[in-house]
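In the working numbering, the protein residues as written are 56 to 626. Input: a single structure, listed below in structure tokens.
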């Protein structure tokens, strides 16, 4: 629905507080005061003034970000080296192949890892992104929309010009839609969550420059120092030029811009934008959210935007716009279905594990093949429950790897698995593979799904679909069969974004093939990028390939709650 300025007598009052900066910082400080006081007493050498947002949720799938709201800053502060150690470990200024991103413009799109102070400098040879370089030149940014689950507002506030209006999309522990002024020229907005469950987990930025250029940033990193300094994350950046004159957008066309419009409405940006326009900032470059489609030239964007919008989505027209069925539709449109005689193999890298069943893994795999779940849903649940696991490699660090990483066990505060998950009767332990950064002994918060193709092996094609789907290669209501990767000369594809490999993030299908329902717990966002060569596949993967399978009886996943480093902290 379009957002326009209401008449003057109906305009909303400014979303302000009597002293926004002081009130905001005071509110955040209360949430962390006791823990930080304890930390100052026990580790005064590494104490820093950081803030965090507490979140209470009963969701069991995405305890990664749920717990990070309580512990990320603790982890960040606990792991932060002393001043002298930081000076020794801090990466040298980027030179040569590590050309800095500051001042660069990425008209074709760019995928990079974040800079990290703990990586092996001999392995850290590719260009990286730093947040300060992405948000640059800060004096040229006219307006910004920034989304993250975990924030240090005091830290990121310094990266923007204080005159720049910023809409900060955040998570509400209560799941309430709200807007509130938190700092001068900053409005915090939160979207609705059913029953307060799930989380607003999207990590993105829209930076509007005074020249008219729009910078789109899709990230796996939160807006806290730890994510941009101590742990690996991945960022995709593309600059989009402004059109010489507006165009008329096809209301039926689905593309990157239309998906971003839905995302902004979904996470409650519209009322915050109206508030800015109606009060202190009437001349923003974005006057209505829908103008993203009509005022900027998206023709060079080859990536597809993959959102998950929390809620219940019913019927194919809505189901294919969100979650793993959105991935399915994008793969069809991109022509990334497996070539003839090939099957898809997935490598799923994340920082939090879900509650997996063979039904959900095959459901996700079906979408990742670019196959509609229309006939899949018409197969009985009993038959679906008997399907073997599909060819998926779940990447997660072993306990040994975390202990031997640069920061040791204390650095494992962003990796989440529970003992009851791992020991569950039907948990797919045989799918687990070790994840090791290509840049040294650091842990990765990057979230990726890498899809590659291999020759079909005897009988494995049954993993892809139920017997009822075996001959279902015809055009379907979800968008047709589409070209295959062979037709488009694709070697594979990669998803990068906020989605962990969990049902909460990607959604769960129910209903029938005629009338499906997709339930999604979280708000998530990422991009799907086509890959054209084996070299490109190896370059974009942030882990060592091929990943090594867990050795039964020796390897177990890192379980934070069983670590003395975190037991002591909790105590």
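In this text, a Cβ means the ideal position worked out from N, Cα and C, and glycines have one as well.
- Item | Beta-carbon proximity list for residue 389, same chain, < 6 angstroms, skipping 5 on both sides | Locating residue 389 in the chain shown gives position 334, counting from the first residue. Contacts found: 585.
- Message: Three or more C-beta pairs under 8 angstroms: does that hold for the stretch 261–270 against the stretch 583–597?
- Response: no
- Please report how far the alpha carbon of residue 504 lies from the alpha carbon of residue 401, in whole angstroms. Position 449 of the chain shown, counted from the first residue, corresponds to residue 504. Position 346 of the chain shown, counted from the first residue, corresponds to residue 401. Rounded to the nearest angstrom, the two C-alpha atoms are 7 angstroms apart.
- Task: Confirm, please, whether the CB-CB distance from residue 622 to residue 549 is below 8 angstroms.
- Result: Counting from one through the chain shown, the residue named residue 549 turns up at place 494. Counting from one through the chain shown, the residue named residue 622 turns up at place 567. Result no, Cβ atoms of residue 549 and residue 622 do not sit closer than 8 angstroms.
- Among 190, 303, 558, 368, which residue has its Cα nearest to the Cα of residue 294? On the chain shown, position 239 is the one that residue 294 refers to. For the residues 190, 303, 558, 368, the minimum Cα distance to residue 294 belongs to 190.
- Item | Rounded C-alpha distance that separates residue 141 from residue 279 | The residue labelled residue 141 in the question sits at position 86 within the chain shown. The residue labelled residue 279 in the question sits at position 224 within the chain shown. No answer about residue 141 holds up, because its pLDDT of 38 lies below 50 and its placement is not dependable.
- Task: Would you give the residue range spanned by the alpha helix (DSSP H) that residue 542 belongs to?
- Result: What you label residue 542 is simply residue 487 of the chain shown in a count that begins at 1. Run containing residue 542: 540–543, per the alpha helix (DSSP H) assignment.
- Task: Express the C-alpha separation of residue 497 and residue 240 in angstroms, rounding to a whole number.
- Result: Counting from 1 along the chain shown, the entry for residue 240 is found at position 185. Counting from 1 along the chain shown, the entry for residue 497 is found at position 442. So the alpha carbons of these two residues sit roughly 37 angstroms apart.
- Note down, in chain order, each residue of its chain lying with its Cβ closer than 7 angstroms to the Cβ of residue 298, except the 5 sequence neighbours on either side. For the purposes of this step, residue 298 is identified with residue 243 of the chain shown, where counting begins at 1. So the list reads 350, 351, 352, once near-sequence residues are dropped.
- Can residue 329 and residue 255 be called in contact, C-beta distance under 8 angstroms? Counted from its first residue, the chain shown places residue 329 at position 274. Counted from its first residue, the chain shown places residue 255 at position 200. Their beta carbons are not under 8 angstroms apart, which means residue 329 does not touch residue 255 by this criterion.
- Query: Between the stretch 360–376 and the stretch 403–422, do at least 3 Cβ pairs fall closer than 8 angstroms?
  - Reply: no
- Task: Quick one: using the 10 Å Cβ neighbour count with 16 as the cut-off for buried, is residue 158 buried or exposed?
- Result: Stepping through the chain shown from its first residue, residue 158 is reached at position 103. Exposed: under 16 other Cβ atoms inside 10 Å.
- Below 6 angstroms CB to CB, which residues in the same chain sit around residue 173 once its five sequence neighbours on both sides are set aside? Residue mapping note: residue 173 aligns to position 118 of the chain shown, counting from 1. Within the same chain, residue 173 has close Cβ partners 461, 497.
- If you run the structure through DSSP and keep just helix, strand and coil, what is residue 205? Counted from its first residue, the chain shown places residue 205 at position 150. Note: residue 205 maps to coil in three-state DSSP.
- Taking buried to mean at least 16 other C-beta atoms within 10 Å of its own C-beta, is residue 355 buried or exposed? The sequence position of residue 355 within the chain shown is 300, counting from 1. Exposed is the call here.
- Task: Would you check if the stretch 424–439 and the stretch 471–485 touch, i.e. whether three or more CB-CB distances between them fall below 8 angstroms?
- Result: no
- Query: With a Cβ-Cβ cutoff of 8 angstroms, do residue 200 and residue 316 count as a contact?
  - Reply: The residue given as residue 200 occupies position 145 in the chain shown. The residue given as residue 316 occupies position 261 in the chain shown. Not closer than 8 angstroms, so no.
- Task: Determine, using beta carbons only, whether residue 263 and residue 202 come nearer to each other than 8 angstroms.
- Result: By one-based count along the chain shown, residue 263 stands at place 208. By one-based count along the chain shown, residue 202 stands at place 147. One thing to note: residue 263 has its Cβ no nearer than 8 angstroms to the Cβ of residue 202.
- Message: Among 598, 578, 558, whose alpha-carbon lies nearest the alpha-carbon of residue 494?
- Response: If you number the chain shown from 1, residue 494 lands on position 439. Closest option to residue 494, Cα to Cα, is 598.
- Out of 608, 421, 553, 458, point me to the one whose CA is closest to residue 506's CA. As a position in the chain shown, residue 506 is number 451, starting the count at 1. Cα-wise, what sits closest to residue 506 is 421.
- Classify residue 232 as buried or exposed, calling it buried when 16 or more other Cβ atoms lie within 10 Å of its own Cβ. Position 177 of the chain shown holds residue 232. It is exposed - the Cβ of residue 232 has fewer than 16 other Cβ atoms within 10 Å.
- Spatially closest choice to residue 612 from 484, 275, 165, 556, by CA coordinates: Within the chain shown, residue 612 is the residue found at index 557, counting from 1. It is 484.
- Pull up the CB-CB distance for residue 407 and residue 557, whole angstroms please, since I reckon it's below 8 angstroms. Numbered from 1 along the chain shown, position 352 holds the residue referred to as residue 407. Numbered from 1 along the chain shown, position 502 holds the residue referred to as residue 557. With a Cβ gap of about 7 angstroms, residue 407 and residue 557 count as contacting.
- Task: Mind listing, in chain order, the continuous alpha helix (DSSP H) runs of no fewer than 4 residues lying wholly within the stretch 310–343?
- Result: 311–321, 324–333
- Message: Between the alpha carbons of residue 519 and residue 246, how many angstroms are there, rounded?
- Response: As a working mapping, residue 519 is identified with position 464 in the chain shown. As a working mapping, residue 246 is identified with position 191 in the chain shown. Confidence is the limiting factor: at residue 519 the pLDDT is only 39, short of 50, which leaves the residue's position unreliable, though a coordinate-based value still follows. Roughly 36 angstroms separates the two Cα atoms.
- Exposure label - residue 395; buried when at least 16 CB within 10 Å: Translated into the one-based positions of the chain shown, residue 395 becomes position 340. By the neighbour-count rule (16 or more Cβ atoms within 10 Å), residue 395 is not buried but exposed.
- C-alpha distance - residue 491 paired with residue 404, whole-angstrom precision: To locate residue 491, count along the chain shown from 1; it is residue 436. To locate residue 404, count along the chain shown from 1; it is residue 349. If you take the alpha carbons of residue 491 and residue 404, they lie about 10 angstroms apart.
- When you compare only the Cα positions, how much space is there between residue 399 and residue 446? Counting from one through the chain shown, the residue named residue 399 turns up at place 344. Counting from one through the chain shown, the residue named residue 446 turns up at place 391. Roughly 7 angstroms separates the two Cα atoms.
- Task: Could you check the C-alpha separation between residue 652 and residue 451 for me, to the nearest Å?
- Result: Past the boundaries of the shown model lies residue 652; the chain is included only from 56 to 626, so the question cannot be answered.
- Message: Mapping the DSSP letters down to three states, classify residue 506 as helix, strand or coil.
- Response: If you number the chain shown from 1, residue 506 lands on position 451. DSSP places residue 506 in strand when its eight states are reduced to three.
- Enumerate in chain order the residues of its own chain whose CB-to-CB distance from residue 619 is below 6 angstroms, with the five nearest sequence positions on each side excluded. Locating residue 619 in the chain shown gives position 564, where the first residue counts as 1. Cβ neighbours of residue 619 beyond the five flanking positions: none.
- Item | residue 444 versus residue 416 - alpha carbon distance | Counting from one through the chain shown, the residue named residue 444 turns up at place 389. Counting from one through the chain shown, the residue named residue 416 turns up at place 361. Each residue's alpha carbon lies about 7 angstroms from the other.
- Roughly how many angstroms lie between the CA atoms of residue 272 and residue 332, to the nearest whole one? Position 217 of the chain shown, counted from the first residue, corresponds to residue 272. Position 277 of the chain shown, counted from the first residue, corresponds to residue 332. Between residue 272 and residue 332, the C-alpha separation is close to 23 angstroms.
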